[in-house]
Every structure is written in C-alpha cells, then in structure tokens.
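Notes to accompany the following structure.
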C-alpha cells in the first residue's frame, strides 16, 4: 500500500543500504513506542475542510530570522548523512538550496562545515550538542562563523545517548561490529561503490579537523559516549549565547515549562522534538506536545517542530497546531539514500504539491492562515 513518497523511499533505501546504516536512521530507543506514535498521532490530526473559498492565489512562502523560505520546511540535522550517499551532506544541501529552504548540518557530519557551506550560495544552519570538550565546541562554532553560518541549532535532549537496541543488532555497534559492516557492504555493491569507495573519507569531518587526525566510524560511538555531558543546565549555554551573535534555536523541547525557560534564556526559537523517538521511549509524540507548548510561548519566539513528518500534509498539520517551520529528518534521508540530490529534490517537490492541495482544501491562502481554526475541534489537541 502506498502511503506517501517517503514510504516508497524508505523501502528503496532499505534495499540499497547496508543494514547497519538503514537501521541507524530508521530505528528508535527501547521498544520504539514513541517512534511509532510520532507518525500515528500526527496522522490522527483532523483538518477542517472548507470549499468555495477562491483559492486561485496561494503561497507557501514564509520568513524566519530574516531568511526567506519557499515553504515552511528545513532539512533537520542528521548524523552521518554522508554515509547515505556520496558526500551526502553536500548533496542534501544542494537539494535544499535549490528548493529555497535551509539545510542543517549535524555536529557529527561526514562532510565538514566548510565543504558543505562552500557548495551552495545559501547560508546553511549548524547543529551543535553540549559536550564535555568545550574546546571543541568553541572551535567548531568559530569555523561555523567563518563559513557564513548564521543560525545555530542547539540540541539539548541528548545529555546521554538513548538505548538504541537496533544498533547492536544491526552491526552499527556491539561485538564484531566492524566485521559485520564489511560483510554487509560486500552484499550491497551499489552502495559500496558509490559511498564506500567514492565517498571517502568516512570520518567525522568536524571532529577530525579539531583532533588533527581522522575520527572514523569505529570511533564514532565511543567519541560520542565520552563527550556527552549529563551535568548540563541552562547556565552552560550562557557563554554560547554570548559568543553566538546570530539566531539560536534550542532543539529538544517537549514540555511547556522548558519552552518558557527557553524564552527566559533568550533563545530566538525552539524545536519541539523528541529526537525522532531516538532518546526516551514513552514520552509524548510531538503532535501531542506541540499544541500546549504553542499555547505557552507562541509569539515569544519562533516555534519549529520535527518527528513523525512524512509528507506535506503532516507539515500543514504541524503548522496548524502552532509550528512556524517544520524540520524533515528521516523523510529526506530515505530519499537521499535512494537517489542522492535528485531524490531529495523530488521529495521536496512532492511536499510542495501536497501542502498546496491541503491548503487549498482547508481554505488557507498563506502559511499565516493556518492555525487552530484549520483543525477539527476536539482533535486539534491530539485527542485531549
């Protein structure tokens, strides 16, 4: 059954990728209940259909932090994107720029900041974790500034790595992981040639530049485990707020009180997110958390949201529930793994078309027209 383009791309990516990479992107924490609810709860949000509203003029354009977006969508930071296609971060950034939306580079990208930033004529966004090695944080922020990055996405919901059991089963981590990954690559020759051979170097580009030697996949999990900092608090972000003179987003907000703390801290925006269900299983889906957070802080800062978004209809739902912009993660990774830059461009074209259909049939001529009135009463708050 065809549900969406991202579903088709997911199946194609599963065939093309070695299992350790597919399951790294596809999996979640613990028993993956929240991962599934992210998709299911969002699909339950009912839109209010309106007719005969003269929808001959319709625009998806919006503005965020002084930046013009062709539609209220950005590509989310995804670690190891460069392992899903040859120099994958560059290909995804080109697709995003070509469609007039931002691309967010992960701290743990394969391609370093300068390589990605120089590949397009639109400023990229950069995502950073709070890490024990504050020297690395300062180093990478300086490189981001030098590369023309203006928007910083600060991920705060990962003081410790989530319990992702799929990684141990797939070969991403665990006993004999390296040998298993080599065997998997040998049985997926298209990926092995495109990425395994032609996509080198396979290291964490930003980390390697700081350490002065390659940080390869074998070191990836260990480096992350050693550097995540469970002691972090709002005060640990203060020096970054002082250092960074551009827009700063706090990613990983799932509670209204934390959203208010972000306002008090002076953040320019938040990302309502449960990390795609990859951190703490059992927490609310983004679709259930977003409305209350929007009620608490709408207008005080920009509200972005991710997790569970698989098509343009989901973007419309998120906007109607209070988001200003929506981040795409797994959806673009599946497309990138299947067909590189062309796949991501095609996916974004489909999102554009799906949004236009949804907005036409809800009577919303612009993004600003989407709001609580676009939702069916009683279902607008995730069934509450």
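Residue numbers (the working numbering): 178 to 561. Backbone N, C-alpha and C fix where the C-beta goes; we use that ideal spot for every residue, glycine too. These numbers were taken from a predicted model, which means no experiment stands behind them.
Nearest-angstrom Cα distance between residue 523 and residue 208? So the two alpha carbons sit approximately 32 Å from each other.
Measuring CA to CA, which of 538, 551 and 550 is closest to residue 235? 538
If you compare alpha carbons, which of 442, 192, 462 and 401 is closest to residue 477? 442
Do residue 330 and residue 303 have their beta-carbon atoms positioned less than 8 Å apart in this structure? yes
What does the Cβ neighbour count give for residue 152, buried or exposed, with the cut at 16 atoms within 10 Å? Any answer about residue 152 is impossible in this case: the structure gives the chain only from 178 up to 561.
Below 7 Å CB to CB, which residues in the same chain sit around residue 544 once its five sequence neighbours on both sides are set aside? 237, 239, 249 and 496
Considering only their Cβ atoms, is the gap separating residue 447 from residue 417 smaller than 8 Å? no
Buried or exposed: residue 377, going by 16 or more other Cβ atoms within 10 Å of its Cβ? So residue 377 ends up on the exposed side.
Could you check whether residue 280 and residue 270 sit closer than 8 Å to each other, using their CB atoms as the reference points? Cβ distance < 8 Å, so residue 270 and residue 280 count as in contact.
Would you grab the beta carbon distance between residue 197 and residue 358 for me? Rounded to a whole angstrom, and I think it's under 8 Å. A Cβ-Cβ distance of about 5 Å is found for the pair residue 197 and residue 358, placing them in contact under the 8 Å criterion.
In the DSSP assignment, find the unbroken alpha helix (DSSP H) run with residue 322 in it and report its ends. 311–323
Cβ-Cβ distance between residue 183 and residue 488 below 8 Å: yes
Are the stretch 294–314 and the stretch 324–342 touching, with three or more C-beta to C-beta distances below 8 Å? yes
Give me whichever residues DSSP pairs with residue 304 in a beta bridge. In the DSSP assignment, the residues bridged to residue 304 are 330.
Helix, strand or coil at residue 449 [DSSP, three-state]: strand
In chain order, which continuous runs of the beta strand (DSSP E) of length 3 or greater are located wholly inside the stretch 247–299? 250–252
Could you say which of 531, 399, 225 and 436 lies nearest to residue 337 if we only look at CA atoms? Distances from the alpha-carbon of residue 337 to those of 531, 399, 225 and 436 put 399 closest.
Look up residue 475 in the DSSP assignment and say whether it is helix, strand or coil. It is a strand residue.
Would residue 339 and residue 206 qualify as a contact pair, given that the criterion is a beta-carbon distance under 8 Å? yes
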